[in-house]
Amino acid sequence: MGSEDAEDQREGGRELMTDSEVLLQQVIIGLSNGMIIALIALGYTMVYGIVELINFAHGDLFMLGAFLALTIAGALGLDAVSEGALFSWGILPMFVAAPIFCGGVNWCVDRLAYRPLRNAPRLAPLVSAIGVSFVFLNIGLLWGGLPMEVFNMGQTAAAPKDFPALVSNENLLGESDITLTISQVLVFVITVPLMIGLSVLVRFTRLGKAMRAVAQNPVAARLMGIDVDRVIGATFIIGGALGGVASVVYALYNNTIYFQMGFRVGLDAFTAAVLGGIGNLPGAVLGGLVIGMIRALTDQYIATEWTNVMVFAVLILVLIFRPAGLLGTHAQEKV
Amino acid sequence: MSLLRVDDLTLRFGGLTAVNKLSFEVTPGQIYAIIGPNGAGKTSAFNAITGVYVPACGCVRIRGREAKRPFTRRTLWGFLLVAALTAAGLVLAVNAEPLWEAAITMNYLYQQPFPWAKALQDGLTYLRDVEWKYSAGAAGFGALVGLAGAWSVWRRARCAPDVLAGAGVARTFQNSRLFHQMTVLDNVLVGMDTKLRTRFWHAAFRLPRHRRELRESSRKALEILRFAGLEKEATAVASSLSYGHQRRLEIARALAVEPVILLLDEPAAGMNPTEAAGLMELIRRIRGRGIAVLLIEHHMKVVMGVSDEIAVLEYGNKIAEGKPEAIKIDPKVRAAYLGTAEV
Amino acid sequence: MGARGGIWPAVYARMHWILLGLAALLPAVDLLLPPEFRLADLVRPIFIFAVLGMGLNIVTGFTGLLNLGVAAFMAIGAYTYAIATCDIYPFQLGFWTALPLTIAVGAAAGIILGLPTIRLKGDYLAIVTMGFGEMVQDSLKNLDVITKGTQGINPLPSPTLFGYVFKPETPLPWYYLFLALLAVVVLLTRNLERSRIGRTWASIREDELAATCMGINSMKAKLLAFAIGASFCSMAGGLWGAYLGSSGEPGNYDFQISIIALCIVIVGGMGSVSGVLLGAFVMIGFNAILLTKLTAFLAQHGWTSSDNVFTSPSNWKYMMFGLALILMMRFKPEGLLPSRRVKAELHEYDKDVPRQAGGATT
Numbered sequence: 291m292g293s294e295d296a297e298d299q300r301e302g303g304r305e306l307m308t309d310s311e312v313l314l315q316q317v318i319i320g321l322s323n324g325m326i327i328a329l330i331a332l333g334y335t336m337v338y339g340i341v342e343l344i345n346f347a348h349g350d351l352f353m354l355g356a357f358l359a360l361t362i363a364g365a366l367g368l369d370a371v372s373e374g375a376l377f378s379w380g381i382l383p384m385f386v387a388a389p390i391f392c393g394g395v396n397w398c399v400d401r402l403a404y405r406p407l408r409n410a411p412r413l414a415p416l417v418s419a420i421g422v423s424f425v426f427l428n429i430g431l432l433w434g435g436l437p438m439e440v441f442n443m444g445q446t447a448a449a450p451k452d453f454p455a456l457v458s459n460e461n462l463l464g465e466s467d468i469t470l471t472i473s474q475v476l477v478f479v480i481t482v483p484l485m486i487g488l489s490v491l492v493r494f495t496r497l498g499k500a501m502r503a504v505a506q507n508p509v510a511a512r513l514m515g516i517d518v519d520r521v522i523g524a525t526f527i528i529g530g531a532l533g534g535v536a537s538v539v540y541a542l543y544n545n546t547i548y549f550q551m552g553f554r555v556g557l558d559a560f561t562a563a564v565l566g567g568i569g570n571l572p573g574a575v576l577g578g579l580v581i582g583m584i585r586a587l588t589d590q591y592i593a594t595e596w597t598n599v600m601v602f603a604v605l606i607l608v609l610i611f612r613p614a615g616l617l618g619t620h621a622q623e624k625v
Numbered sequence: 028m029s030l031l032r033v034d035d036l037t038l039r040f041g042g043l044t045a046v047n048k049l050s051f052e053v054t055p056g057q058i059y060a061i062i063g064p065n066g067a068g069k070t071s072a073f074n075a076i077t078g079v080y081v082p083a084c085g086c087v088r089i090r091g092r093e094a095k096r097p098f099t100r101r102t103l104w105g106f107l108l109v110a111a112l113t114a115a116g117l118v119l120a121v122n123a124e125p126l127w128e129a130a131i132t133m134n135y136l137y138q139q140p141f142p143w144a145k146a147l148q149d150g151l152t153y154l155r156d157v158e159w160k161y162s163a164g165a166a167g168f169g170a171l172v173g174l175a176g177a178w179s180v181w182r183r184a185r186c187a188p189d190v191l192a193g194a195g196v197a198r199t200f201q202n203s204r205l206f207h208q209m210t211v212l213d214n215v216l217v218g219m220d221t222k223l224r225t226r227f228w229h230a231a232f233r234l235p236r237h238r239r240e241l242r243e244s245s246r247k248a249l250e251i252l253r254f255a256g257l258e259k260e261a262t263a264v265a266s267s268l269s270y271g272h273q274r275r276l277e278i279a280r281a282l283a284v285e286p287v288i289l290l291l292d293e294p295a296a297g298m299n300p301t302e303a304a305g306l307m308e309l310i311r312r313i314r315g316r317g318i319a320v321l322l323i324e325h326h327m328k329v330v331m332g333v334s335d336e337i338a339v340l341e342y343g344n345k346i347a348e349g350k351p352e353a354i355k356i357d358p359k360v361r362a363a364y365l366g367t368a369e370v
Numbered sequence: 053m054g055a056r057g058g059i060w061p062a063v064y065a066r067m068h069w070i071l072l073g074l075a076a077l078l079p080a081v082d083l084l085l086p087p088e089f090r091l092a093d094l095v096r097p098i099f100i101f102a103v104l105g106m107g108l109n110i111v112t113g114f115t116g117l118l119n120l121g122v123a124a125f126m127a128i129g130a131y132t133y134a135i136a137t138c139d140i141y142p143f144q145l146g147f148w149t150a151l152p153l154t155i156a157v158g159a160a161a162g163i164i165l166g167l168p169t170i171r172l173k174g175d176y177l178a179i180v181t182m183g184f185g186e187m188v189q190d191s192l193k194n195l196d197v198i199t200k201g202t203q204g205i206n207p208l209p210s211p212t213l214f215g216y217v218f219k220p221e222t223p224l225p226w227y228y229l230f231l232a233l234l235a236v237v238v239l240l241t242r243n244l245e246r247s248r249i250g251r252t253w254a255s256i257r258e259d260e261l262a263a264t265c266m267g268i269n270s271m272k273a274k275l276l277a278f279a280i281g282a283s284f285c286s287m288a289g290g291l292w293g294a295y296l297g298s299s300g301e302p303g304n305y306d307f308q309i310s311i312i313a314l315c316i317v318i319v320g321g322m323g324s325v326s327g328v329l330l331g332a333f334v335m336i337g338f339n340a341i342l343l344t345k346l347t348a349f350l351a352q353h354g355w356t357s358s359d360n361v362f363t364s365p366s367n368w369k370y371m372m373f374g375l376a377l378i379l380m381m382r383f384k385p386e387g388l389l390p391s392r393r394v395k396a397e398l399h400e401y402d403k404d405v406p407r408q409a410g411g412a413t414t
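Protein chains in written order, with this note's numbering: chain D, 291 to 625; chain P, 28 to 370; chain V, 53 to 414.
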């Protein structure tokens, strides 16, 4: 999105960035981060839409995906891309493996931890999800202690890990003051088609129709011959796979991963889903972009250390006026 | 004089109009029934009247007064207080560190007594000297958000069910919504809750006032249970009651609200003839206490047996209203129930 | 349960007093044990976390609102207590004035958070409280002129009672101080639970709509629960500060604390006062005592090494918490010492036709 605008600015080539250039730069950063957050938020919101469960473990699942990607990088012996190349082909196996892994794990979690609680009061699966999130967190900690080169031979399990720069960080705009890297472009190239694909899936395919039916009324959907458990399972797989893609994109874009990032990034994504109206797919994307922008603008114009506070202040502010989020509607309880 | 007056009540779900410009009046001591085929909008009308659903338009009056949380001087002061506090809070928050430094750190030389007056003065001086636009902006924004937020929260709660209950409208539900895991007595006590005067301090420290009220309220609740024929079950858990008793308990709980009008949503559904007869008798006794009853019912024997006046709904519209005898022979009503072909 | 005869129901109803009584007798056992196992010393954090659990129990167990920001209120309490007592600030209040202040500030914080958010649906409230936890932690870190940033505020003076000074070296007086304060909290909680206020909370937990149709102003009732819960959590924070002699650093009050509090309530039994006491004993006993002792023991014998994460038990802590939550929810959602009502609510749908898994209607 930002690329054409940035292209126009290229002619300037001034020494110091002007105010508008600074703003534009932050917009590019905000949108890139926002798209990643949105991709994770979609995982939260899809699951919520269909089983009314906030899948707390989603953020930590995302973290596990990033660790898998780093393991692959280590196993293949990948290193930062050489100068001139746009990206290393080594990212392909990551983009295949991480979504499959995350989707599969998410399905298993649903099968083992959530499905038995389908008829229990709302609090039960929610608490269970928090439990799963902690199990994942611990797995991430232990994973970081594996004796591999990329994990520093397991010496510093809890420390942040460097992720090799497999995508060039060269500025596509050449001499311009504004930076638009190939990794930022990659974020959009990956996320936008996925989001379009997801909305096509939900709107036009058989599975999508089944999902919407289950979301509206699971009992009626079951009576109509829809295998509700399978549809829910599929939702978990898709949501998890989106998180898996997001994890690879995040790792390639930020070049650092750590085992608590699931909480940090997950909280942002979760906030995005709530901000947009949880259960609402366009809402999640909107929420993600809004949060990405708030973060980038606060970083620039207020202070980096107040960014998190700002995000939640905006969340609370929005919820005062729109208790169901920006695009959400309150389902009225049937009496 | 009307007790309950509903004017032009309209309720929409998306494109569907569930209740369309419904108007009717219930006079004191009347038993008024709303009947109609399934999906005619009876329960929706109930929900709109009791504030469970927010109607698109229309108004509900109890004894001539609109049943809404009134906008009083106190509300206004509350709004202003919230606005002032948010503004002050925001100003303090954005200036927290330098303000602390100016007032506390600069004045505290690790010796007592601390010059409080000077600290306060220095703090105020700081606030005055700091770029005023900054603080004024924070204060203005805070006041605006506080005011708008308070108004928005208040507006949404304006016609909430508790306001209607406070105005004297109590109801039962189509699918029983008892507090299933509480005892029968506790269920009734929840109904009485708004009449109780125990506050936090009394309860936390079990002050005499609280104990006295506990005794009195239990006695009163038992009286209500006796009236509903449930005094033997007082200590039982609600979910262990038989179906018929559960329905009675719902009525007892609603009576504990001390309503002027009681809304019963299909109280006889699923009852056997003996239970239904007992229910009719109970409804009459409720009326005998001076409480009007608004009744939704499919059980025609019950409806025709107890009601003074009947309204018939079809697709959200009122198609007929009158005495039971007149309704029985009304061709439009027959058409609604049996389909037009038969007429 | 009422049908069962004998002495058991009466014992069960007074279980919290029995547990507290056992705790009061515990130091006597110390006389028989070797000095390195001084239980009275180790058990003190359990009392503080039991107070924290009581606070969460009022909100989550009694009223049914999920509060994931308990750590924030604890942090507010600890910092309020530290700022009020520490001699680097001019306030320098004593323990017995600072503690009520801490409680009041906690209640105020609960109301400030609750006023705009208490109407939100359960899941929205969960994220808002979780976000509040992050906000408070970040703010404490950033306002370093006031809070000393990541250093924390220390040293804090020892509490005194009628001229007696509670010194860090003598754990026993502390033990009874905390136990007595916990007993007060238990007494207040039980009184509230059995009063009109507790009944209102239970009715909201069971069926909020029905409760509001009975005229109950659910916003007020929830706000009260929120404020009382927050004030207990804040009190726990103040006690924690007194116990450590320091406010601790903001990072000590992270999401993990909120989860420990949640574990205490879930493992013990939601809505059950005696359950919270037992839950605090199990969880903190496991986390702060067993795990640290085990880690130290293994390291002493050279069975662990600092560069292998797998061998240190404390690196499996999250896994234990997580599994505890999952398994409790799966097999014993009502907890170890359940409240009868909550247990029945949790099993209400077991035999029933499958309730709708979600969607707009319930």
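For each residue, glycine too, the CB sits at the ideal point set by N, CA and C. Model, not experiment: these values are computed from the prediction.
Buried or exposed: where does residue i fall if 16 or more other Cβ atoms within 10 Å of its Cβ makes it buried?
| i | result |
| --- | --- |
| P358(P) | exposed |
| C84(P) | exposed |
| H353(V) | exposed |
| V87(P) | buried |
| S310(D) | exposed |
Tell me the DSSP secondary structure of residue i in three-state form.
| i | result |
| --- | --- |
| E348(P) | strand |
| S366(V) | helix |
| Y540(D) | helix |
| A197(P) | strand |
| N194(V) | helix |
| P64(P) | coil |
| G54(V) | Because G54(V) sits at a pLDDT of 43, beneath the cut-off of 50, its placement in the model cannot be relied upon, and the point is left open. |
| C84(P) | strand |
| I249(V) | helix |
| F549(D) | coil |
| Y216(V) | strand |
So residue i packs on residue j, CB below 8 angstroms; how close in whole Å?
| i | j | result |
| --- | --- | --- |
| S203(P) | R274(P) | 6 angstroms |
What does the alpha-carbon distance come out to for the pair residue i and residue j?
| i | j | result |
| --- | --- | --- |
| N598(D) | L313(D) | 20 angstroms |
| A120(P) | D467(D) | 35 angstroms |
| A231(P) | M28(P) | 45 angstroms |
| G42(P) | G169(P) | 39 angstroms |
| I288(P) | G267(V) | 14 angstroms |
| P220(V) | L167(V) | 40 angstroms |
| T347(V) | Y370(V) | 15 angstroms |
| P225(V) | F218(V) | 7 angstroms |
| R311(P) | V333(P) | 7 angstroms |
Tell me whether the region 272-284 of chain V and the region 304-314 of chain V touch, counting them as touching only if at least three CB pairs, one residue from each stretch, are closer than 8 angstroms. no
Is there contact between the region 146-156 of chain P and the region 199-213 of chain P, where contact requires at least three CB pairs shorter than 8 angstroms? In the pairwise beta carbon analysis, the region 146-156 of chain P is classified as not touching the region 199-213 of chain P: fewer than three pairs are separated by under 8 angstroms.
Meets three-Cβ-pair contact criterion under 8 angstroms: the region 227-243 of chain V and the region 102-114 of chain V: yes
With a threshold of 8 angstroms, are at least 3 pairs of Cβ atoms found where one atom belongs to the region 326-345 of chain V and the other to the region 372-388 of chain V? yes
Could you say if the region 352-364 of chain D and the region 376-396 of chain D meet the contact criterion of at least three C-beta pairs nearer than 8 angstroms? yes
Three or more C-beta pairs closer than 8 angstroms, one from the region 177-194 of chain P and one from the region 86-102 of chain P: is that the case here? yes
The region 57-73 of chain V touching the region 189-208 of chain V, judged by at least three CB pairs closer than 8 angstroms: no
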